[in-house]
Amino acid sequence: MTPVGTESQLVIAPMLIVLVAAAATLFLGRHPRARAAVSLAAGVAYGLAVAAIDWYIVLAPGAPGIATYQVGDWPAPFGITLVADGLSAFMLTMVAVLGIGSLVFSTRHLPGGEGRSYYFPLFHFLSLGVTGAFLTGDLFNLFVWFEVMLMASYVFVAYSGGPQHTRAAFWYVALNLLASAVFLLGVGGIYATTGTLNMADLAQRLADPAAYGLEPVPVVGLLGMLLSVFAIKAGLVPFQFWIPTAYRAAPPQITALLAGATKKVGIYAIIRLSFTVFAGAEVAVDLPLPVVDAAIAGDSPLPFVGAALLVMGAGSILVGGIGAVGRDSMEGVFAYSSIGQVGFIAVPVGIAATTVDPALREFAIIAALVFALNHTLAKGLLFLAVGTVRSATGTSRFADLGGLAGRSPPLAIAVFIASLALVGIPPLSGFFGKFLVFDVAARARAGPVIVLLLVGSLLTIAYATRMWNRSFWGARTDAVDAATIDPVQVGVLAILAATIVVVGIGFDPVYEFAETAAEAALDTDAYVDAVDPQNASELGGSSGGDH
Amino acid sequence: MRTTARAIVPIVLVVAISLFVEGHNLPGGGFIGGVLTVTAFGIVYMAFGLDFLERGVLGREVDPGKGPSRDRVVLAYRRLFAYGFAIAVVSGLAPLVFERPFLTQTFVMLEGVPIYDHLEVASALAFDFGVYCVVVGGLLTILSVVGAE
Amino acid sequence: MSPDLAVVVAAVALPFVAAALTPLVFRVFGERTGFLGTAVALASFGLLATQYGTEGSVALEWIPSLNVALRFYVDGWALLFAMLATGIGALVFTYSPAYMHGQAGLPRYYAALLAFMGSIVGVALAADLIAIFLFWELTSLASFVLIGYYTADDSSQYAARMAMFITVGGGLFLLVGLLLLSIVAGDVLGPGAAFDLATMLENPDTMRSALRERGLFIPVLGLLAIGAGTKSAQVPVHFWLPNAMAAPTPVSAFLHSATMVKVGVYFIGRVRPMLVGEEWLFLFATLGLTTMTVCAIMAVAATDIKELLAYSTASHLGLMVAGFGFTSVYGAETGVFHLLNHALFKAALFLVAGIVAHEAGTREIEELGGLRHDLPVTAAITGVVALSMAGIPPFNGFYSKELLFEAAVEASHHHEIGVLGWLYPAVAVFGSIFTVLYSLRFLSLFVGERPDALGHVHRPPVSLLAPPAVLALLAAAVSVDPQRAVDLIVQSGLEATAVDPHAMHVGLPTSYSTPVGMSAVTIGAGVLAYPAYGRIHDGVRAGLEAVPPIRANWWYDRVVEGLSDEGRAFAEWVHNGHLRTYATWTLAATCALALTGFVAAGAIVPTTMGLEVTVPIALVLLVAVIGAVAVARADTHIAGILTLSILGFMIAIFYILASAPDLALTQLVVETLVLVIFLLVVEEIPERYEIEVGRVARDAALSVAVGATVFVTILVTTDARPDGPTEIARAYAEQAVPGGGGTNIVNVTLVDFRGFDTLGELAVIALASISILTLIVMRGRGDASPAGDDGSRADSTDDGPTADAGTDGGPSGGEDA
Amino acid sequence: MTAIVLAAAVGALFALGTFLLLRRDLIRVVWGLAIISQAANVYLLAMGGIAPATADSVPVLAGHGDHVPETADPLVQALVLTAIVIGFGMTAFALVLSYRVYEEHDTLDVTELGDRE
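Protein chains in written order, with this note's numbering: chain Z, 1 to 547; chain S, 1 to 149; chain H, 1 to 817; chain R, 1 to 117.
Quick look at the structure:
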């Protein structure tokens, strides 16, 4: 077997970095400074590794566009394959930016006590799970990284140990344990029907089931199960129940990651499985819907996915938007807003799945990705800002806040920019998300969807302005007067805010990146070719003893 | 109970370790060996109480005022799973030096070893040892922390 | 001659650059920053002036992937509006230092004002749909910041949020309209023109017919109208404008009378040649005339001079909208000319109102009067501009109003509009009567007796007087020689907005015509009714009191403010805190998704039962199920835990029977450990059990549904399962010894083939122990605040070795080092 | 009498697990979760195909010879093993968490917990 190429090695680099960081920080219990230093170094290395993936695999002229890594030197579909393509790279980049911000933030604002020595290992394990989920090309491996990510997030939700926190964590754990069991059911069913777990192999087999002697009909229902699992991670209605309490209970810089990273893992998994893997499945679906005088019908499972996502997305936009308007604390608004915003991501994905026009499908995925990018940046910033406000004033309830804008203009400007990005004011990144999503709906001639998006956007304005007026304007309260605001934290916020502006003003390369990502998501053939399960189907005759 | 424990624990431990070592070829492996080892310790805890290992075996004084997490035994367990995790990661990283992918395993056949005649030493054993350590360390941490409550 | 890109970009960019530098500049120049603003505005004005007479579009690349560019189109209409904005901007900046003297937050004020001015110039010049939307929203944003200037003041915040909600929200409708336009344009004019408004305007007939073919004409028209209507305060969302008077008065003069609110009107004029038609007439003439009349009546009911002027502004915006709504050339003439006239007199009036408020200390109409003694110059200015507002000849407002009457009368000549043919002119006259009334009322502040309660009124400084004086002089100039103004700028604006432009002539009427008669009726009725002003005022107010829904803020309060309460109740209803609710929804939705998927794909058919299940396995599974039933029925924790173990052991036996010794072993030991941990935990917890009868039925139903889904899943998947081991399983068996060096395939799989899974699993085990440790040691750290984790924030920011020794050194294990 | 038995058994386990999950007692909720994850494991294993237990079908090869018998699917066994261990970690965590919930709230009644703000 040949040595591994550079591009291929890049694929696993981010995972190795966080793995080593996790192991190293486990040993540094007594050395908080070293712990933070190692973590920061790992964060920087992670960022560099992701940047290298972006450039050398995806974006550079002549880059291959996709690279794979066979863990343990076992060829696909026997070993576990890691795949980095445009979609994975886009997601990783998004998460890396926020993750590093959150990490720097964590060195300044660390919920304390004895548990602190485990904060950074937990953080790295969380990143490990998220990264693994983005990179893996194996269904069961995806389950494993989901569990790693979840296990770390469970304890973060319960981290502060109070009554609210433990209860929120238990609810969160209970719903996700259910989801894990459903995930296993889905994986088991898919293995039973298709005889493989490798996503590329799966795609190949589903596209031509007769050649493999398969009966792929059950995969649509199994995909439905997996959808529900991913919808829990993404927080789509009616799987969103854990979000308000868990987001409130976790330390804010972790909530930033829950909203910015784990949520996106759910979105990523939906896009990856629906489009790269299951889109080509030779299964006809046909289900008349007499009530709305329509039908879920087509030659692949996509119409079913599309219908499900549109319903869930619509529910999310309404529940999140209406809920957010009435909240009485900053993180309450943002938590509900997260539910609503993920609806804005699900709707274009749903349109992409429903449409038969390939150009529109790609455009819709681009829209979803751009919206997701903005949500990661803006919502991440806002949750981090909750952390700043809370560590400065001891509260984030509107009743105790007011006049923050006068107290710290840089903080105020950062939050203002992020709020405007949520609303979708040009030229911020959020505008392009909203613009593209509306454009997709308009191109799909989906009147009701446009109405829904308009309602959702109006609700966004309502809650964003309310949050702003209640906490940043208004008469200054005692808590705000007595606040000491951490400059490093504000610095992180400022950098994220600048990113939001820069992404908007220099949107062209971002769009091209998203376009590459969407192409990658839709290009099943490239994915299959890169992983090349067919070629390797005869496991090499060479003895394993020498490798 | 204690008598039974005295009789059972060594047997369980031996079985556990042999399961771990033989795991590559017979049913067993790092997980099973690890969990069984933990079960042995569990029986000790049930029979003799949490402090037995410290006071009874190691002859150390136990400061009852400390919380569970400060207990020296717990610390040892915690170190164990940290080491285990490190071993697993390092054993996975080692092939990179030889320009092989992460977690590539290999093995050598040793001939003429007493008792076994021929023995395979698989690099996977290192990884499996990491698994063993994590399982033992991790589960014992859980057990002792919960038990101390 | 085509415009120069660099100059155009500089004219737009200059104010933004200045805005960005304002915080620095303010440190050096302090309150005199306002005069620098004047310089910037004049510079921008000058740059624009150099482009006078040019026409054409220039573009700066922005997002080539989407064919979006910063495309600017220069023509008479754009220059008219942009120069109006910078010109009045210069005056407002001059006015500001004296008016805003001593206020806090001036850097924010000037920065927002500058950014606002840049946005307006941008809207005026932009010819790319996205660029238009960009500047459009930026004006709303700047307006939000400026209305909310007095941040500690509740009414200011209320108004700012309202303006933001209405104008940005309306902007979204505009965006959708623009997107529909772009999709159509991309189809018929080529992808390069998808966002290029200039190209669309060059091919109005193509666009119009393409829109109609796709059935998008009405939607686009409606959406653009909502966008423009919200921005230009048309009924029924006119109310944000009077509320916006919470802003400092210079802002009111600039944003809320002269420029921002006209953006909607400007845009209507811009797209008029492309979309004009019968629907256009109905929509905008009706909308405009309604707004004009309603707001004029509301202005009469005003008690505050700024409120009066604000309603008057909305009313005049309605006039302009109505003008553009009429399809004849007179309509376009009305719109363009009144845009100019209104800017001149209304900005001056606001600045006058600012002087009055600033010097007299009150804005209440009732408390003011006879100000000509104290403020003679101001009184003179007011005389010109108030009469202009009233439309009294020969003042400039008269000419454009006369054009409206003409357009209204003309409307019935061009279209079969039935009863509207006389209703439009009638409403126009009726509304204008109120305009005369409130204009006279405003003027009366300066005449008559000085109320005794009015305190000392200061003389305003020159920098307050000069700007309105300049405006009044300009208004007077237009009044004296309207044709010069028309030739200079209005004509070129007309050419951009009219379908069939011809040389425009204005002047005092020399012979009788219907419009002249209408003007005479208007003025005559207004003057005659003026003595009854008090009664009309009271009557309108009484009407508003009696019927709340017609009050301006009523709907907004109900919908937006009420939404907070609704939202709270809704969120608490959905997220009621009960795990059973959450689990029910989650499970039900999962089942629904799975079953729908099966049904949609036709997977549920009579099956052929592929799996071999032996009798022992069946028995073991049966015992397992019985065990589970026993767990469900257990009445103590201990009993439940023990029966749960039986279930676990049965599953271990199942694994043995299924030829999986590794699993069986693992299951056995894990089951033992779970038992131990369960026992340890339960020891600490008192027994507590009550099973509520009422819920059992519902729970059982859901349980059965879940069970049924799983049942179906298993049947369909086993049915689809190909016989024999999978390729992968076979390959693993073959490779275990030669490739993995072990005979236990499962173990080789775990540590070699799929070692990566195992690594993740290790991480989970490590995490589980860390988590449990953390759970226990973090106990008691949660403080009273809902999610407070701030107990340690003081020391967490100082993570030094000394601070840490006490809290961290012990637990985290010295030996770990 | 073939796949139906398995389907019925696993279905029943899921149903009972769900039923327990909806109880008011937190410990019983954990039981329910444990039963559901066990049932999922059983299903996963069965999806590799259940061969009648014979010496040959155990996925442990007799020796290093060339003869490779047809064994039960070792892949799903490895997966289930991973799933069992992960499930164990989760169950243990959920249990300790429920204990902590009890400590903080002094009740195990899910309904009562839900009503607390």
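Where is the CB? At the ideal position from N, CA and C, for every residue including glycine.
Considering only the beta carbon of each residue, do residue i and residue j sit closer than 8 angstroms?
| i | j | result |
| --- | --- | --- |
| Ile417 of chain Z | Phe165 of chain H | no |
| Val83 of chain Z | Val528 of chain Z | no |
| Ser549 of chain Z | Lys434 of chain Z | Nothing can be reported for residue 549 of chain Z, as the shown portion of chain Z is limited to 1 through 547. |
| Tyr110 of chain H | Pro248 of chain H | no |
| Phe173 of chain H | Ile226 of chain H | yes |
| Val220 of chain H | Thr230 of chain H | no |
| Leu125 of chain S | Val38 of chain S | no |
| Ile35 of chain R | Val631 of chain H | yes |
| Ala453 of chain H | Glu367 of chain H | yes |
| Leu493 of chain Z | Ala378 of chain Z | no |
| Gly331 of chain H | Thr290 of chain H | no |
| Ala442 of chain Z | Ile88 of chain H | no |
| Gly577 of chain H | Asp115 of chain R | yes |
Give the DSSP-derived three-state secondary structure of residue i in the structure shown.
| i | result |
| --- | --- |
| Val80 of chain R | helix |
| Trp62 of chain H | strand |
| Tyr69 of chain Z | strand |
| Asn67 of chain H | coil |
| Gly782 of chain H | With a pLDDT of only 42 at Gly782 of chain H, under 50, the local geometry of the prediction cannot be trusted, and the value read off the model is given with reservation. The answer is coil: DSSP assigns Gly782 of chain H none of H, G, I, E or B. |
| Ala749 of chain H | At residue 749 of chain H the sequence reads Thr, which differs from the Ala that was named. It is helical. |
| Arg397 of chain Z | strand |
| Pro533 of chain Z | coil |
| Ser2 of chain H | coil |
| Leu26 of chain S | coil |
| Asn374 of chain Z | helix |
| Ser328 of chain H | coil |
Can you give me the Cβ contacts of residue i inside the same chain, cut-off strictly under 8 angstroms, excluding the 5 residues immediately before and after it?
| i | result |
| --- | --- |
| Ile485 of chain Z | Thr388, Ala392, Arg407, Ser408 and Leu411 |
| Ala399 of chain Z | Asp328 |
| Leu48 of chain Z | none |
| Gly59 of chain S | Because the pLDDT at Gly59 of chain S is just 49, under 50, the model does not fix this residue reliably, and the point stays unresolved. |
Taking 7 angstroms as the limit between beta carbons, can you name the residues of its chain near residue i, skipping five residues before and five after?
| i | result |
| --- | --- |
| Ile8 of chain S | Ile43 |
| Ala160 of chain H | Phe144, Ile147 and Gly148 |
| Thr50 of chain H | Val7 |
| Pro786 of chain H | For Pro786 of chain H, the pLDDT reaches just 36, beneath the cut-off of 50, and the residue's location in the model is therefore unreliable, although a value from the coordinates is still provided. Closer than 7 angstroms at the Cβ level, and outside the excluded window around Pro786 of chain H, lies no residue. |
| Leu647 of chain H | Ala624, Gly627, Ala628 and Val631 |
Leaving aside the five residues before and after residue i along the sequence, list all residues of the same chain whose C-beta is less than 6 angstroms from its C-beta, in chain order.
| i | result |
| --- | --- |
| Val277 of chain Z | Met199, Leu202 and Ala203 |
| Pro348 of chain Z | Ala364, Ala367, Ala368, Val437 and Val440 |
The segment 280-294 of chain Z / the segment 125-140 of chain Z touching (three or more Cβ pairs under 8 angstroms): When C-beta atoms of the segment 280-294 of chain Z are compared with those of the segment 125-140 of chain Z, fewer than three pairs fall below 8 angstroms, so the two segments do not count as touching.
Under 8 angstroms (Cβ pairs) to chain H, residues found in the segment 128-147 of chain S: Asp128, Gly130, Val131, Val134, Val135, Gly137, Gly138, Leu139, Thr141, Ile142, Leu143, Val145, Val146 and Gly147
Residues within the segment 172-203 of chain Z neighbouring chain H, beta-carbon criterion of under 8 angstroms: Ala174, Leu175, Leu178, Ala179, Val182, Leu185, Gly188, Gly189, Tyr191, Ala192, Thr193, Gly195, Thr196 and Leu197
Interface positions of the segment 12-37 of chain S facing chain R (Cβ-Cβ less than 9 angstroms), listed along the chain: Asn25, Leu26, Pro27, Gly29, Phe31, Ile32 and Val35
Any 3 or more C-beta pairs closer than 8 angstroms across the segment 18-33 of chain Z and the segment 134-148 of chain Z: No, they do not touch.
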